[in-house]
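Note that the protein sequences, when read in sequence, are chains A and B. Going by this note's numbering, the first sequence opens with residue 2, and the numbers climb by one from there. Going by this note's numbering, the second sequence opens with residue 4, and the numbers climb by one from there. Just so it is clear, CB atoms sit at the ideal spot from N, CA and C, and this is done for glycine as well.
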Amino acid sequence: MTNEQTIEKYDSKGYLDMELLRFTTAGSVDDGKSTLIGRLLYDSKSIFEDQMEAIQAVSDRKGDEHVNLALLTDGLRAEREQGITIDVAYRYFATPKRKFIIADTPGHIQYTRNMVTGASTANLAIILVDARNGVIEQTKRHAYIASLLQIPHVVVCVNKMDLVDFSEKEYEKVRHDFEDFSAKLAIKDVRFVPISALLGDNVVDRSKNMDWYQGPTLMHNLETVHIGSDQNHIDSRFPVQYVVRPMTTEYHDYRGYAGRVAGGIFRKGEEVSVLPSGFTSRIKSIDTMNGPIEKAFPPMSVTITLEDDIDISRGDMIVKVNNQPEAKQEFDVMVCWLDDKSMQLGGKYALKHTSRDARCIIKDVKYKMNINTMTKIEDDNNIGLNDIARITIRTTVPIFLDSYRKNRNTGSMVLIDEATNNTVGACMIV
Amino acid sequence: MESYKLTHLRELEAESMYVLREVAAQFENPVLLFSGGKDSILVTHLARKAFWPAKIPFPLMHIDTGHNFDETIEFRDKLVEKIGARLIVASVQESIDKGRVVEEKGVNASRNALQITPLLDAIEEHKFDCAMGGARRDEEKARAKERFFSHRDDFGQWDPKNQRPELWNIFNGKKKMGEHFRVFPISNWTEMDVWQYILLEDIDIPNLYFTHMRKCFERDGTLLAHADFMQLKDSEEVKEMQVRFRTIGDLTCTGATLSSASTLEDIIDEVAATRVTERGGRSDDKRSEAAMEDRKKQGYF
Chain A
2 MTNEQTIEKY DSKGYLDMEL LRFTTAGSVD DGKSTLIGRL LYDSKSIFED QMEAIQAVSD
62 RKGDEHVNLA LLTDGLRAER EQGITIDVAY RYFATPKRKF IIADTPGHIQ YTRNMVTGAS
122 TANLAIILVD ARNGVIEQTK RHAYIASLLQ IPHVVVCVNK MDLVDFSEKE YEKVRHDFED
182 FSAKLAIKDV RFVPISALLG DNVVDRSKNM DWYQGPTLMH NLETVHIGSD QNHIDSRFPV
242 QYVVRPMTTE YHDYRGYAGR VAGGIFRKGE EVSVLPSGFT SRIKSIDTMN GPIEKAFPPM
302 SVTITLEDDI DISRGDMIVK VNNQPEAKQE FDVMVCWLDD KSMQLGGKYA LKHTSRDARC
362 IIKDVKYKMN INTMTKIEDD NNIGLNDIAR ITIRTTVPIF LDSYRKNRNT GSMVLIDEAT
422 NNTVGACMIV
Chain B
4 MESYKLTHLR ELEAESMYVL REVAAQFENP VLLFSGGKDS ILVTHLARKA FWPAKIPFPL
64 MHIDTGHNFD ETIEFRDKLV EKIGARLIVA SVQESIDKGR VVEEKGVNAS RNALQITPLL
124 DAIEEHKFDC AMGGARRDEE KARAKERFFS HRDDFGQWDP KNQRPELWNI FNGKKKMGEH
184 FRVFPISNWT EMDVWQYILL EDIDIPNLYF THMRKCFERD GTLLAHADFM QLKDSEEVKE
244 MQVRFRTIGD LTCTGATLSS ASTLEDIIDE VAATRVTERG GRSDDKRSEA AMEDRKKQGY
304 F
């Protein structure tokens with residue numbers, strides 16, 4: 002069989018033609034999050050024998066009653082000893098329909114930073130609620146972060162249904178309470194599933210204990226949720242990452258702009274502007290090693306060449322002539338603080354936005370969020386680890402920005418402490 | 004309506020190319036660690052795509068344990084010539100000769116852990132500020148928390164509790180003098196993704212991955228290839244078997260699997276049906292449950 006024939010055969014089997022869904026999980030301590038992930042991996046047959054043997058041995062040693070599926074995801078030794086998850090871990094599994102990447106983040110109050118990190122790349126968030134406790138402060142915090150980070154889809158899993166006798170009334174109460182407060186948030190798509198992660202009800206297999214629930218299982222939601230519209234296909238943005246100059250005889254004058262499409266669609270022959278210079282030109286070619294292509298869209302990595310010889314370097318942005326981002330030096334962002342050392346009002350930080358580096362100064366704190374009550378605190382300028390606030394920053398050079406709501410790629414940036422080089426702030430442009 | 008969707012393989016490809024370009028842009032002197040295994044071959048292929056039509060703008064470095072499969076070295080040299088890359092070889096034997104490391108003794112002796120010293124020495128000697136590798140998060144529990152850009156202090160150590168948060172697709176490669184980064188462009192790929200992509204892109208891989216006859220013996224449930232420098236226990240018997248390798252590393256600790264898979268298609272079917280992880284055949288990971296974490300803290304890639 003030739004390579005082409007093999008590829009065709011596998012395409013028809015669906016192996017080479019799957020979509021990728023990235024999701025994050027949020028739950029409070031003991032909501033059964035690790036068990037749920039273990040269950041998804043186990044029931045979708047993504048756990049290998051040697052992994053299963055390893056956790057079986059540990060469970061036996063500890064004298065656990067069931068094989069502790071949570072052990073599958075608790076990675077580092079410190080965590081295994083303390084029995085808690087302390088950092089974002091990534092898990093992988095696939096079904097015949099989709100491939101999944103889980104950003105597994107802990108739910109402790111002190112770990113807002115981890116949830117924000119996991120949420121930043123997710124198409125979907127699973128929020129776990131313990132059916133016995135209902136919607137609590139931490140649930141609200143998770144929902145707020147999902148909304149702040151603009152995760153397009155949220156699935157609320159009402160877990161431990163086995164401990165409330167699979168009661169429809171308890172489930173409906175959680176659903177009602179969640180809908181009640183989330184009406185104030187910007188979550189576009191919320192679904193609810195009653196589950197038991199421990200026993201497997203409605204995770205991958207349909208529950209035999211909850212006839213009253215006619216909706217899809219969690220896995221069915223994950224496999225079918227429409228993610229084709231999660232990217233911005235309207236506002237064309239191409240941050241230049243790297244300039245490709247082969248300087249060989251064959252490609253003597255070649256000058257290509259390598260980058261990843263951050264929004265919209267670029268087509269060969271189209272007129273474009275280059276920021277910050279403002280020069281215009283036309284797209285001469287969109288190149289890949291597999292040959293030139295006609296159009297590029299997010300999240301493709303391509304190399305663009307232009308008709309005219311313009312001086313372009315890393316940090317510049319190629320956009321459509323009639324649809325340009327704002328160039329600003331002073332603007333507001335929502336910041337989530339990630340560092341032990343508090344934010345310094347009036348302090349200077351390094352900043353990274355797409356492929357552009359700059360420096361900035363923190364001009365003002367507009368308000369700090371109390372994310373448990375979702376109220377604004379207007380007279381507290383102390384922004385410490387895990388705090389979320391609206392601030393005003395001023396940058397050394399103009400930043401080509403979109404609102405985060407419009408485009409997660411061009412609407413996000415990070416702040417870096419110039420003394421330690423740590424990433425200290427996650428910013429979403431308002 | 005036109006479709007603006009990428010398949011999972013193309014999305015992973017785009018992500019890895021993006022990471023490779025960030026490395027080239029953010030670091031002055033990066034290097035790509037090349038073991039001759041399929042993962043480092045994949046990273047090399049993705050690097051060619053990221054900078055095409057230019058050549059890969061950084062050298063490849065092989066940490067040579069001296070206990071190689073001959074096929075690996077042959078393959079390495081051919082590939083380097085074909086793509087016009089610069090190759091650096093750092094040798095474990097040299098480190099032993101210089102007295103920088105001491106060879107392990109006994110039948111289970113492996114030079115795998117000894118790679119750390121020549122690696123860190125080479126990073127210092129060549130003043131590399133970033134070493135890229137083909138590690139994947141799905142391989143092993145300790146790797147599941149690894150970042151794309153992993154910061155190492157001036158002793159080359161990894162501190163799992165002090166890793167920089169990585170948000171969106173913004174990578175922070177800022178560092179102080181003497182510090183360096185490890186970068187893992189294929190972090191999000193699984194073993195299955197790698198094989199599917201090798202098929203999709205028709206990438207050359209060493210014959211060791213396909214079925215062949217080889218002299219092997221069994222130790223602690225793992226099939227090991229026989230070579231002159233392997234010490235046998237009295238109870239161990241060398242037999243000719245039909246095997247292939249799922250990973251290729253140091254010969255002393257890379258387990259073979261009985262297999263008749265002779266094409267990529269066979270391998271994909273085999274991977275889909277298999278019930279043991281890839282590293283299940285690696286005896287270096289079996290030493291203790293936290294083995295990988297310990298080696299990583301010391302600077303293992």
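Sequence-distant residues of the same chain with beta carbon closer than 6 Å to D418 of chain A, five excluded per side
V425
Find out if the Cβ-Cβ distance for the pair F158 of chain B, V186 of chain B is shorter than 8 Å.
no
State the DSSP-derived secondary structure class of D358 of chain A, mapped to helix, strand or coil.
strand
Beta-carbon proximity of L37 of chain A to T26 of chain A, cut-off 8 Å
yes
Residue environment, P153 of chain A, which counts as buried when at least 16 other CB atoms sit within 10 Å:
When all chains shown are included, P153 of chain A counts as buried.
According to DSSP, is E338 of chain A helix, strand or coil?
It is Trp, not Glu, that sits at residue 338 of chain A in the sequence shown. Strand, per DSSP.
Mapping the DSSP letters down to three states, classify F280 of chain A as helix, strand or coil.
coil
Please tell me whether R167 of chain B has its Cβ less than 8 Å away from any Cβ of chain A.
yes
First and last residue of the alpha helix (DSSP H) that includes E204 of chain B?
E194 to E204
Residues of chain A with CB under 9 Å from W161 of chain B, in chain order?
Those do not exist, as W161 of chain B stays about 11 Å from chain A at its closest Cβ, beyond 9 Å.
With a threshold of 16 other CB atoms inside 10 Å of the CB of E240 of chain B, please say whether the residue is buried or exposed.
Exposed: under 16 other Cβ atoms inside 10 Å.
State buried or exposed for I372 of chain A, treating a residue as buried only when at least 16 other CB atoms are found within 10 Å of its CB.
buried
When you check each C-beta in the segment 205-218 of chain B against every C-beta of chain A, which residues fall closer than 9 Å?
Near chain A, meaning a CB-to-CB distance below 9 Å, the residues of the segment 205-218 of chain B are D205.
Runs of 3 residues minimum, wholly inside the segment 174-199 of chain A: which ones carry the beta strand (DSSP E) assignment?
190-195
From R391 of chain A to K170 of chain A, what does the alpha carbon distance come to, in whole angstroms?
39 Å
Please state the DSSP three-state secondary structure of D333 of chain A.
strand
Determine the DSSP secondary structure at N191 of chain B, reduced to helix, strand or coil.
coil
Reduced DSSP secondary structure (H/G/I, E/B, other) of R256 of chain A:
coil
Close Cβ partners of Q345 of chain A (< 7 Å) along its chain, the five nearest in sequence each way excluded
I363
Taking 8 Å as the CB-CB cut-off, is V431 of chain A touching chain B?
At a cut-off of 8 Å between C-beta atoms, V431 of chain A does not count as an interface residue with respect to chain B.
Between which two residues does the beta strand (DSSP E) holding D460 of chain A run?
In the structure displayed, chain A extends from 2 to 431; residue 460 of chain A sits before or after that span and is not available.
Using a 10 Å radius around the Cβ and a threshold of 16 neighbouring Cβ atoms, would you call P299 of chain A buried or exposed?
buried
Sort B:L170, B:T47 and B:F61 by Cα distance to G119 of chain A and report the nearest one.
B:L170
Mind checking whether the beta-carbon of E224 of chain A lies closer than 7 Å to any heavy atom of the ligand GTP?
For the ligand GTP, the structure offers nothing, since it holds no ligand at all.
Nearest to K8 of chain B by CA position, among A:S197, A:I228, A:S237 and A:N382, is which residue?
When each option's Cα is compared against that of K8 of chain B, the closest is A:I228.
Using CA atoms only, rank isn't needed, just tell me which of B:H65, B:F30 and B:L226 is closest to F131 of chain B.
Nearest to F131 of chain B by alpha-carbon distance, out of B:H65, B:F30 and B:L226, is B:F30.
On the CB-based measure, 16 or more other CB atoms within 10 Å of its CB, does E243 of chain B come out buried or exposed?
exposed
What is the C-beta distance between T306 of chain A and G257 of chain A, in whole angstroms, given that I count them as a contact (C-beta under 8 Å)?
With a beta-carbon spacing of about 5 Å, T306 of chain A and G257 of chain A fall inside the 8 Å limit used to define contacts.
Counterpart residues of G264 of chain A in DSSP-defined beta bridges:
G264 of chain A pairs with A:R238.
Close beta carbons around W198 of chain B, own chain, < 7 Å, minus the five adjacent residues each side:
L267, I270, I271 and V274
For the segment 184-198 of chain B, list every residue whose C-beta sits within 8 Å of some C-beta in chain D, in sequence order.
The question asks about chain D, but that chain is absent: this structure's protein chains are A and B.
In the DSSP assignment, what are the bridge partners of K377 of chain A?
A:M370
Taking CB distances under 8 Å as the criterion, tell me whether G229 of chain A reaches chain B.
yes
Counting only Cβ-Cβ distances shorter than 9 Å, please list the residues of the segment 287-320 of chain A near chain B, keeping chain order.
D288, T289, M290, N291, K296, F298, P299, P300, M301, S302, V303, T304 and R315
Give a yes or no on contact between the segment 54-70 of chain B and the segment 206-222 of chain B, applying the rule of three or more CB pairs nearer than 8 Å.
no
Helix, strand or coil: which one does DSSP assign to G69 of chain B?
coil
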